[in-house]
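Below: the structure, in C-alpha cells.
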Amino acid sequence: MMDDLQQAYAAYQSALVNLRSPREPKLWYGIGILYDRYGSLEHAEEAFSQVMQMQPDFEKANEIYFRLGIIYKQQQKYGQSLECFKYIVNSPPPPLTEEDIWFQIGHVHEQQKDYDSAKAAYQRVLERDPSHAKVLQQLGWLHHQQSSSFQSQERAIEFLEKSVAADQGDAQSWYLLGRCYMSQQKYPKAYEAYQQAVYRDGRNPTFWCSIGVLYYQINQYRDALDAYSRAIRLNPFISEVWYDLGTLYESCNNQISDALDAYQRAAELDPQNPHIKARLQLLRNGGANGGQPPSAPQPADVHPQAYQ
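Here is the structure:
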C-alpha cells in the first residue's frame, strides 16, 4: 500500500512540474486525497482549499467539505469543522447519508464538551435509525460522564446494551458497558463486559488497564499486575497505567521503591499531572523523613478514546 502511495506521490509531483497550468482542480483534489491518506493534514487541507478556490462548483465539492470537516476536527478547529458538516448535511456525498453527517456533528460538539448539542445531534440520528450502533455507543458514554447535565448510569447502560445488541462485534461498546458497571461497583457484570471486549480486541491496552483497575478493586493484586503488565507491553506510553502500577506496588507489600519508579515513569509521560507530582513528592519526603506515607491512592482509569 505504501508503495502505491509513493508512486502516486511521484506522479503528482511530475504533473505539477510538467503541466503548463498546474491550476487544475482535479490534480489538486488528487494531491489532497494523497496527503490525507499519508496523514499529512495541513498539506491535505491546503490542497482541498485550493480546489474550492479554483472551482467552487467542483463535482466532488461536498466530498471535499466532508474531508475538510474531518481534518478540522482532528486539528481541533471545531468551529470550521462544524461549518463544513452543516454545509453538506442535507446533501451528503455518496455513499454517506444525513445520519453519517449528524453523527460527525454530534462528535464535534462532544469534543467541544457541548454535551447538550452533542446529545441533540445524536438523537436526530436515532429518530431515523433507532439501531445505529455507534450513536447508541456515543449516547451511552455521554450519559455515563459526570460532566454532562443528564448524567445517568442507568440510561448509559440502556444505550450501551442496545448498541451491543445492534452490533455484537464492537469491542468498544462492551468495554464502555464495563466502565458503567464499574462506576456502580457491580464488579461481576463489569468483568463479564470487559471479557467480551478483550475477546473481540485483545490487543487494546486501554481494556487491559481497566481490567487491572477492576482486579485492584476486588483485591486480586497479582491479577491486577498481570493486566497492567499486558497493557504496558501493548503500549508503554500510557501514563495512567504506570500510575496505577505505582498504586498497586504501594498497596502490595508496601513496595515503595518500585512504586516510585512507576510514578516517575508516569510523570515523564504526563509532566503536567498534579496528582502524579503530588504522590511522587509525598513518597520522596516520606522516605527522606523516615515516616510512613499515607495509604495508597485509588488507581486512575483511562479515557476510552485517549490512546486509540
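Numbering (the UniProt record's numbering), first residue to last: 1 to 308.
Just so you know, even glycine gets a beta-carbon here, dropped at the ideal spot from N, CA and C.
Assuming residue i contacts residue j under a Cβ cut-off of 8 Å, what Cβ separation, rounded to an integer in Å, is found between them?
| i | j | result |
| --- | --- | --- |
| LEU234 | ARG203 | 6 Å |
| HIS144 | GLN153 | 7 Å |
| GLN75 | LEU41 | 6 Å |
| ALA47 | TYR38 | In fact, because the Cβ distance is near 11 Å, the residues do not count as touching under 8 Å. |
| ILE218 | TYR187 | 6 Å |
Compare the C-alpha of residue i against each of the options and name the closest.
| i | options | result |
| --- | --- | --- |
| ALA156 | ASP170, ARG179, ASP167, ALA171 | ARG179 |
| ALA159 | GLN123, TYR187, GLN80 | First, the residue type needs correcting, since residue 159 is Phe and not Ala in the sequence shown. Among GLN123, TYR187, GLN80, the Cα nearest to that of PHE159 belongs to GLN123. |
| MET52 | PHE66, GLY39, SER40 | PHE66 |
| ASN90 | GLN281, LEU82, ILE101 | ILE101 |
| GLY79 | GLY106, PRO56, LEU96 | GLY106 |
| ASN62 | THR97, ILE31, ARG222 | THR97 |
| ASP129 | GLU99, LYS189, GLY32, ALA171 | GLU99 |
| ASN285 | LYS113, ILE256, GLU45 | ILE256 |
| SER148 | GLN172, ASP167, ALA120 | ALA120 |
| LEU136 | ILE64, ASP114, LEU177 | LEU177 |
Between the alpha carbons of residue i and residue j, how many angstroms are there, rounded?
| i | j | result |
| --- | --- | --- |
| VAL241 | GLU250 | 14 Å |
| GLY69 | PHE85 | 6 Å |
| PRO304 | PRO294 | 30 Å |
| TYR29 | PHE58 | 10 Å |
| VAL125 | HIS132 | 8 Å |
| ASP261 | ASN273 | 16 Å |
| PRO236 | SER210 | 15 Å |
| PRO56 | GLN281 | 59 Å |
| PRO25 | HIS43 | 15 Å |
| ASP201 | ALA166 | 18 Å |
| PRO95 | ALA118 | 23 Å |
| GLU45 | ILE88 | 17 Å |
| ALA171 | MET54 | 44 Å |
| GLN168 | ILE64 | 33 Å |
| SER49 | ASP114 | 28 Å |
| GLU83 | GLN112 | 14 Å |
| LEU283 | ASP258 | 11 Å |
Looking only at its own chain, which residues have a Cβ that is under 6 Å from the Cβ of residue i, when we skip the five neighbours before and after it?
| i | result |
| --- | --- |
| TYR175 | ALA197, PHE207 |
| SER81 | GLY69, TYR72, LYS73, VAL108 |
| ALA300 | GLU240, TYR243 |
| GLN184 | GLN153 |
| MET2 | Unreliable placement is indicated for MET2, whose pLDDT of 46 sits below 50; the coordinate value is still reported in the next sentence. So the list is empty, once near-sequence residues are dropped. |
Short of 7 Å in beta carbon distance, which residues of its chain neighbour residue i, apart from the five on each side in sequence? Order them along the chain.
| i | result |
| --- | --- |
| TYR212 | Sequence inspection shows Gly at residue 212; the Tyr mentioned does not correspond to that position. Taken in chain order, the residues that qualify are ALA224, ALA227, TYR228, ALA231, ASP244. |
| GLN104 | GLY69, PHE85 |
| PRO297 | THR247, ARG279 |
| TYR181 | LYS189, ALA190, ALA193 |
Once you ignore the five residues that flank residue i on each side, which residues in its own chain have a CB closer than 8 Å to its CB?
| i | result |
| --- | --- |
| ILE276 | SER239, TYR243, TYR263, ALA266, ALA267, ASP270 |
| GLN151 | HIS143, HIS144, GLN145 |
| TYR221 | TYR215, LEU248, SER251, CYS252 |
| GLU110 | ALA118, GLN138, LEU142 |
So is residue i in contact with chain C if we call contact Cβ pairs under 8 Å?
| i | result |
| --- | --- |
| ALA227 | Among the chains in the structure shown there is no chain C, since it carries only a single protein chain. |
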